[in-house]
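Protein chains in written order, with the numbering used here: chain U, 1044 to 1353; chain V, 414 to 1104.
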C-alpha cells in the first residue's frame, strides 16, 4: 500500500515535471450578449478621437493572429507608436498585460490604448458622449446592461468580455497534449529541441509564455537601453533594464513581425535571434526548421465568438 | 396631562434604549463579521505567501516547469493584500492606527518579494538553461577535443562544481570563477567551443550567488513575520473589542430593564389614575342619566333612549294630586313618598318585557317596555294601578294612599304623545288609564288650541273681539228688557267664532283677562247708549280673583254710576264659586253700583242650593240642560219647578235659558218663571234685537 502511494506521488511529480505546457479549454464561458457588444465596440473606430482607429486596427484577429502586421501600429492622425502591438488572442491567459506587464488584467489594459494620445486619444467622457448620442448603442447597452446612460465602465466591461472570449482552442499541439493526435517526426523533434535547448524555461504554461518576465538579450545586447518601455521604466530597478513580458507562442506563426519592437521580420529570424541572444546558442538550420514546425502546431482555431451573431 | 408627558418621555427613552440595543446588537454582529472577515483574509494572505514560497522551491528544483502557478499565486498575494487593506474594519480608527503601520510594512515587503520573484524567475530560467546547456555541452566535448584530457577534466570539474553549488544552494560558498583556459593550437571550432562554454559558465558563475540570495530573500522575506504580527495584534484588539462590546451590551441590557420597569410602574400609575377617572366618569354618567332622588333613570336618559327610534311601548304614570300631598305633608314626606313610589314602580313587570324605569319630572314616571299588544299593556297598567292604589305608603307614621293616571303609547313621538294622552285624561278626569292613539286626534286638538290661541291674540290686537247680545224676554210684560252680552270673535272673512271655541283655550292665559276687559268696555259702552235695557256680563271666579280686572271694572262702574245700574253680573255656575267670602265681597261691591247678580247655568255641575242661601243673588238662570228637556222629561220638570219654588222663597228671580220652542215658552210661563232667553226669543247678534 505504502509503495503504491509512493509510486503515485512519484508518478504525479514526474507528470507535472514533463507537462510544462497545458492545452487551453475548448470552450470559454462568457456572457455572449456582452461579448458581442464588446466585439462591436472592438471593431468600431467611434472609440478613437478622429474615428479612424479601432481596436481591430492594431489587433487584427482575423488575419494577423490578433496582432499587427506592421512593425509599429498607427494611431489617430497617423501617429506612430514605438512598440509592436502584442496579440489580443489568448491575452486572457497572460499573467499581466502590455509588453512590460504594467496592467494587471485586461480591464486595466483597455484603458491604455483608448487614452494614449498616439493611439486612440480618447477620454472617458468623450466615449460616453459619443455612445450615448448613438441610438443603436443606447439600445444595445440597454438590452445588455439595463442602463439608460452608457458609462465608460460598461464600455470596458463589454470589450474585456469580448477579449475573454478571444481564445484559440484545439491547436494541433493541444490535441497532441490531449492525446487526440500525434506530432510529425519533425514537429516532435522541434518540441524536444524547444525543451532541451531551454525555450521552455520561459515559454511554458497554458499560454506557452505570458506568465513571467525575461530580460531580452542575456548573452548579447539585443536592444539599445531604455529605448522601449521596459520593466525598468516602471520599477526603476536596474535588474529590469530591457526586461519584458515573455509573449505567448500560441498562433505565433500568424503574427510576424516579432518581438516588442517588431525587429524580427520572420519566424525564422525570431527563433534564430532567441537562440542567439537568450540561450547563447547558434541554432542550426535543422533545429530552426524543427522548432518552426513545432511552433506551427500552436496555431489554434478561430475564436468561437467571431462566428456568433447576436 | 402630566402623566402622559412623562409617559411620552419614558416611551421616547425606551425607544432610544431599544434602538441603541438593536444598533449595538447589529454592531456586534457587524464587528464579529468584520473580525471573521479580517481573520479569513489574513489567513488567506498567509497561505498565499506560503504557497508562493512553495512554488519558488518547486520551480528551483525542476529543470523546467510550468510557471503559470507561481504567476497566479504571486498575483494572488498582491490582490489578497489589497483586499485586506480595503476591509471595512480598517476604517475604524482604533484598528487602522494599530494595524496600518504593520500592514504598510507588509505591503512594502510583498512588493519587494514580487520584485524578487520576477528577478528570481529571470535568473532561474537563464541559469538553468546554461546549466543544462553546459551538461549537454560537456558530453559533447569528446567530439571537439579528442586528445585534450585536461580539458575534459576541466570541463568535468567545472560542471561538477556548479552542480555541487547548485545543490548546496549556498550563497556564502566562496566561488571563484573558473573558466576553460584556451590552449594554443586549437582550431576555430575548438575555440568556439571554449568561448561558448565560458559564456554560459560565466553567466552561471556571475549570477548564481545572486540567484541564491534572491531565492533566500523570497523564502525568508519578512512578509510571513509581519502577517503573523498583524494577526497577533489583531487578536489583542479584537479580544479587547469583544470585551468592550460585552460590557456595553450588558450595560444597555440593564438600562433597558430599568427602563422597562419604569415604564411598567408609570403604566401602573396611569392605569390607577385612569381607574379613578373612570369611576368619576361613571359617577358623572350615572348622575347625568339618573334621578338623584329615586335612583331611577331620568328624563335625559329617556330622551337618549328614545332617540334610537326603536319600537317601544311607553307607560306614562302620573300621581294624582301630588301637589296637594306636597302642600299637605311637606317636601320631605313628599320626597320619601316619591322614593317609595319609585321602589314600587320598579317592581312592575310584564313577562320580562320591561326595559327600564324613569322619573321624568316631579310626580311623573315612565316605564319603558318592549313592544307588546295594547290590550296586554292596558291589562298590565290596570294591575299596576290596582297595586298602587291598594298600597299604603306609611311615612313617618302617616298613611298616604295615592291614585295614578296612566297613559300608554307606542307611537312616536313616544313621550310627547303619552303626555298629551295623560293631559287629556287629567282634564277629563274620567278615565285613569288611556291608550294614546292617532284616532283620538288629540294632537289635532292641541293644534286647534294653538291656532285658536293665536287667533284670539290676533283678535285682541286687531279689535276683532265683539260683544253679541241675546235678548231676554220678560214673560209678564212680554217685552225685551235685558240682554246677555256674549263674547264673539269675528274673523276678517266675517266668520263668527263662538266663545266655546276659544275661552277654554285661553282660560289659563293672560289673554283671558284681555277678553274680559274688552267685554267690560263693550258692555259699559252699550249700556250707556241704551239705558232702557239691562245688560248682563259673564264673570268667572277667575275674573273675580283678578284684582286688576276688578279694579278696572269697579272704576268703569264708578265712572258711569248712573249707567252702572243697568249692568248685571252673571256668575258662571259651572265653575265652582269656591271662595264664598270673595264672591260675597264682590257681590256687595257691585250691588253698590246697582248691579244685579245672576247665577248662570244653574242646575249643572256642583250646583247646590247652599250657595244661594249664602250669597246675595238676584237672579237664577236655569241651565239649558234642564230647560230643553222639560217637555219630555218629567224629572226635569220637577227639577225646574223645585228651582222656581226655591227661588221664589228666597225672592230670587228666574230666567229660563235655551228656550227654543213655543211649547217650552208656554210651559215656563205656566211654572212662573220670570224671564225667557233662547233662540225663540232671539239669537245673539251684534245689534240689539227689540222684538
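The beta carbon of each residue, even a glycine, is placed where N, CA and C say it ideally should be. Please read all numbers here as calculations on a predicted model, not as lab measurements.
By the neighbour-count criterion, in which 16 or more other beta carbons inside 10 Å mark a residue as buried, residue 1253(U) falls on the buried side. By the criterion of a C-beta distance shorter than 7 Å, residue 1185(U) is surrounded in its chain by 1191, once the five residues flanking it on both sides are discounted.
Taking a Cβ-Cβ cut-off of 7 Å, the neighbours of residue 1063(U) in chain V comprise 477, 478 and 479, given in sequence order. DSSP places residue 1219(U) in the uninterrupted alpha helix (DSSP H) bounded by 1215-1220.
It is roughly 15 Å from the alpha-carbon of residue 672(V) to the alpha-carbon of residue 682(V). Residues of the segment 528-548 of chain V that bring their beta carbon within less than 8 Å of a beta carbon in chain U comprise 528, 531, 532, 534, 535, 537, 538, 539, 541, 542, 543, 545 and 546, in sequence order. When rounded, the separation of the alpha-carbon atoms in residue 1113(U) and residue 1300(U) is 7 Å. Annotation for residue 1256(U): the continuous beta strand (DSSP E) segment containing it runs 1256-1258. The three-state secondary structure of residue 660(V), taken from DSSP, is helix.
Chain V places no beta carbon closer than 8 Å to that of residue 1303(U), leaving this residue out of the contacts. With a minimum length of 3 residues, the unbroken runs of beta strand (DSSP E) contained wholly in the segment 842-905 of chain V fall at 846-848, 878-887 and 892-903. In the DSSP annotation of this structure, the continuous segment of the alpha helix (DSSP H) that includes residue 1037(V) starts and ends at 1037-1040.
Annotation: residue 874(V) to residue 1101(V) spans about 25 Å, alpha carbon to alpha carbon. Along the segment 1254-1265 of chain U, the positions whose C-beta sits under 7 Å from a C-beta of chain V are 1254, 1255, 1256, 1257, 1258, 1261 and 1262, read in chain order.
Looking at the DSSP output, residue 1287(U) sits in a beta bridge with 1257(U).
At a cut-off of 8 Å between C-beta atoms, residue 489(V) does not count as an interface residue with respect to chain U.
Beta bridge pairing from DSSP links residue 1123(U) with 1117(U). Residue 771(V) is bridged by DSSP to 710(V) and 779(V).
Classified as exposed, residue 1069(U) has fewer than 16 neighbouring CB atoms from the shown chains inside 10 Å of its CB. DSSP places residue 1069(V) in the uninterrupted beta strand (DSSP E) bounded by 1066-1069.
For residue 726(V), the uninterrupted beta strand (DSSP E) segment begins and ends at 726-732.
By the criterion of a C-beta distance shorter than 7 Å, residue 902(V) is surrounded in its chain by 868, 869, 872, 877, 878, 910 and 915, once the five residues flanking it on both sides are discounted.
For residue 476(V), the closest of 536(V), 653(V) and 1033(V) by C-alpha to C-alpha distance is 536(V). Look at residue 609(V): its C-beta is under 8 Å from a C-beta on chain U. Under the Cβ criterion of 8 Å, residue 1161(U) is not counted among the residues facing chain V.
Of the candidates 461(V), 426(V), 502(V) and 468(V), the residue whose Cα lies closest to the Cα of residue 449(V) is 502(V). Here the alpha carbon of residue 747(V) sits roughly 31 Å from the alpha carbon of residue 994(V). Closest in alpha carbon position to residue 896(V), among 435(V), 946(V) and 625(V), is 946(V). When 7 Å is used as the limit between beta carbons, residue 613(V) is near these residues of chain U: 1323, in chain order. Between residue 557(V) and residue 603(V), the CB-CB gap stays under 8 Å. Against chain U, the CB of residue 484(V) has a partner CB under 8 Å away; the residue lies at that interface. In this structure, DSSP gives residue 1090(V) an extended state, which the three-state scheme calls strand.
The C-beta distance from residue 783(V) to residue 766(V) rounds to 5 Å, short enough to fall under 8 Å. Per DSSP, reduced to three states, the secondary structure at residue 646(V) is helical.
Of the candidates 1008(V), 616(V) and 1069(V), 1069(V) places its Cα closest to the Cα of residue 1038(V). Taking a contact to require three or more Cβ pairs closer than 8 Å, the segment 606-615 of chain V and the segment 542-558 of chain V qualify as touching.
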